[in-house]
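Chemist:
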Amino acid sequence: MLSYALRRLLYLPLSLFLLSLLCFGLRAITPGDPVESQLPPAESRTASSKPAAYDASYRRAAAALGYDLPTFYFSLNNAALPDTLHRIGRPAERRMLRALTLSSGNWPAVQDYYLAVRQLAFGEDTEAGINSIPVARRLLLQDDPKAVAAAVNSLPDDQLSQPVKAAFSQVMDGSQRHRLLLPAFRWHGAQNQYHHWLLRILSGDFGNSYLDRRPVASKIGQAMRWTILLNGIAILLVYLVSLPVGLYAAGYRGSRFDRYSTTLLFILFGLPSFWIATLVTNYFTTPAFGMDFFPSMGFGDIPDGASWWTALKIRGSHLFLPVMCLAYPSFAYVSRHLRRSAVKELDQAYVTTARLKGLSRSQILWKHVLRNASFPIITLLGGLFPALLAGSVLIERIFNLPGMGQLLYTAAVGRDWPIVITLVLLNGLLTAAGLLLADLAYAFTDPRVRLGSATTFTNNAA
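The numbers in UniProt numbering rise by one with no breaks, and the one at position 177 of the sequence shown is 177.
#1: Report the three-state DSSP secondary structure of residue 76 (helix, strand or coil).
#2: Got a sec? Which residues, its chain only, sit under 8 angstroms from residue 412 by beta carbon, not counting five neighbours each side?
#3: For residue 369 versus residue 246, is the C-beta spacing smaller than 8 angstroms?
#4: Could you give the residue range of the beta strand (DSSP E) that holds residue 187?
#5: With the cut-off set at 8 angstroms, would you say residue 241 and residue 331 are in Cβ contact?
#6: Would you mind stating whether residue 120 and residue 169 have Cβ atoms separated by less than 8 angstroms?
#7: Under three-state DSSP, which class holds residue 131?
#8: Reducing DSSP to helix, strand and coil, say where residue 455 ends up.
#9: Could you work out which residue in 82, 81, 166 and 377 is closest to residue 337 when comparing CA atoms only?
#10: Do residue 325 and residue 267 count as a contact pair if the criterion is CB distance below 8 angstroms?
#11: For residue 289, which residues of its own chain have a beta-carbon under 8 angstroms away from its beta-carbon, when the five flanking residues on both sides are left out?
#12: When burial is assigned at 16 or more other CB atoms within 10 Å of the CB, is residue 101 buried or exposed?
#13: In angstroms with no decimal places, state the Cα-to-Cα distance between residue 439 and residue 372.
#14: Quick one: what does DSSP say residue 156 is sitting in, helix, strand or coil?
#15: Helix, strand or coil for residue 231 per DSSP?
#16: Please list, in chain order, all residues of the same chain as residue 104 whose beta carbon is under 6 angstroms from its beta carbon, the five residues on each side excluded.
#17: Just the Cα atoms here: how many angstroms apart are residue 71 and residue 365?
#18: Relative to the C-alpha of residue 24, which residue among 11, 193, 112 and 41 is closest?
#19: To the nearest angstrom, report how far apart residue 12 and residue 26 are at their CA atoms.
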């Protein structure tokens, strides 16, 4: 088992590398401007009143966050695009330059045009360029070549606008579209956005929230402890109920207990948990129906100096309904899987031998059958491990619980992408860890299993 664990650990870096590429790709394509979201509100308000100062602040923030670096270790583009385009801080300006370069293939002329437009847009002579400056600032954000041409032609024929018009004419007249057909491979080394992002992730720095600018790690840490408490109790309850029900349903198959438990559990399985959660919050947490048995929202506030018994009563009263709503759909799922596997084991020869030795039915079920029939349970446990921290969005929303599900919902609605991407990365890590633990549990439960050798497993199974 130790050698298999080491082999699986050697495979983990590749899986985690691919997972990091996925999360970094999501980070790159998510809408919004991450640099602008990190600017102080005072500087963001200067975008219209003091555009030159705002542009300088934006460039400093982009350099501090590493957004002026290449995206990856290497790039493969056509020869017309330069290897310095990433140094343009604002995404809208990069898109404009990229569109004009792909239209003409003449990067030097596009660069001269860009410098001329910036000089006009952020020049000091604002009174003389009162008509041309707004057009120039729009040109910096325009990535449609036809719209750019129309805007340039609309500039007044004055001394300030002439450099822009001349530079744009050079872009159009000096077309080098043949360069678009030539490939260009460029190696950027470790000075790239992905490398810096990965180093920050490994050091525990997940960035700041777009909504309140708090560290993402702090917000996840606060929500995680509540989700671990809620889902940990729910998973424990699922196995405490499902294991004996599934075993005894197999041991007494065809009996009233088997029939009644199967019917009841399948009825529960067919009731959506969010619907039941809505019903119980309406009927059991409000005095309108005379059944105000439980508090309705949150985890409860523990008074300072309260005893452990008082804290337990407060937490228990708040946790009872959400735990039950999380747990009851899994009762049928886990118990029926265990029953089906246990029924197969009860027909094996070792069970007959155990009966001949005088072992009771309970001893056979708990000491022999459970261990050999637990493979489906272990598989389910491997999938439940990431759910322990992922949380339940619907249940936490209905009961207003500040867990991971609630955090994910709030972040997704508010387009707080650093939190969403970090939660995706965390869930992927937990899924890989859960699968590894499940495989190790197979070997621990059944020594006949030789993980990593399919032929040995097949021969043993036969």
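Ideal Cβ placement from N, Cα and C applies to all residues, glycine included. Source: prediction; values computed, not measured.
Modeler: Quick answer:
#1: Position 76 of the sequence shown, counted from the first residue, corresponds to residue 76. Three-state DSSP puts residue 76 in a strand.
#2: Your numbering for residue 412 matches position 412 in the sequence shown. 420.
#3: Mapped onto the sequence shown, residue 369 falls at position 369. Mapped onto the sequence shown, residue 246 falls at position 246. Going by C-beta atoms, residue 369 is not nearer than 8 angstroms to residue 246.
#4: As a working mapping, residue 187 is identified with position 187 in the sequence shown. Residue 187 -> beta strand (DSSP E) spans 183-187.
#5: Looking up residue 241 in the sequence shown gives position 241. Looking up residue 331 in the sequence shown gives position 331. Yes, these two residues count as a Cβ contact at 8 angstroms.
#6: The residue labelled residue 120 in the question sits at position 120 within the sequence shown. The residue labelled residue 169 in the question sits at position 169 within the sequence shown. No; because the gap between Cβ atoms is not below 8 angstroms, this pair is not in contact.
#7: For the purposes of this step, residue 131 is identified with residue 131 of the sequence shown, where counting begins at 1. Looking at residue 131 - three-state DSSP - the assignment turns out to be coil, as it is neither helix nor strand.
#8: Here the question's residue 455 lines up with position 455 in the sequence shown. Confidence in residue 455 is poor, its pLDDT being 43 and thus under 50, which makes the residue's placement too unreliable to answer from.
#9: For this step, residue 337 is matched to residue 337 along the sequence shown. Looking at the Cα atoms, 377 is the closest of the given residues.
#10: Sequence index remark: in the sequence shown, residue 267 carries index 267 (1-based). Sequence index remark: in the sequence shown, residue 325 carries index 325 (1-based). No, these two residues do not count as a Cβ contact at 8 angstroms.
#11: By 1-based counting over the sequence shown, the position of residue 289 is 289. These residues qualify, in order along the chain: 282 and 283.
#12: Your numbering for residue 101 matches position 101 in the sequence shown. Buried, because 16 or more other Cβ atoms sit within 10 Å of the Cβ of residue 101.
#13: Against the sequence shown, residue 439 aligns to sequence position 439. Against the sequence shown, residue 372 aligns to sequence position 372. Each residue's alpha carbon lies about 15 angstroms from the other.
#14: Position 156 of the sequence shown, counting from 1, holds the residue named residue 156. The answer is coil: DSSP assigns residue 156 none of H, G, I, E or B.
#15: The residue given as residue 231 occupies position 231 in the sequence shown. Reduced to three states, the DSSP call for residue 231 is helix.
#16: To locate residue 104, count along the sequence shown from 1; it is residue 104. Excluding positions up to five away in sequence, the list reads 171 and 175.
#17: As a working note, residue 71 is residue 71 in the sequence shown. As a working note, residue 365 is residue 365 in the sequence shown. It is roughly 58 angstroms from the alpha-carbon of residue 71 to the alpha-carbon of residue 365.
#18: The residue you call residue 24 lines up with position 24 of the sequence shown. Checking every option, the nearest Cα to that of residue 24 belongs to 193.
#19: Looking up residue 12 in the sequence shown gives position 12. Looking up residue 26 in the sequence shown gives position 26. Roughly 21 angstroms separates the two Cα atoms.
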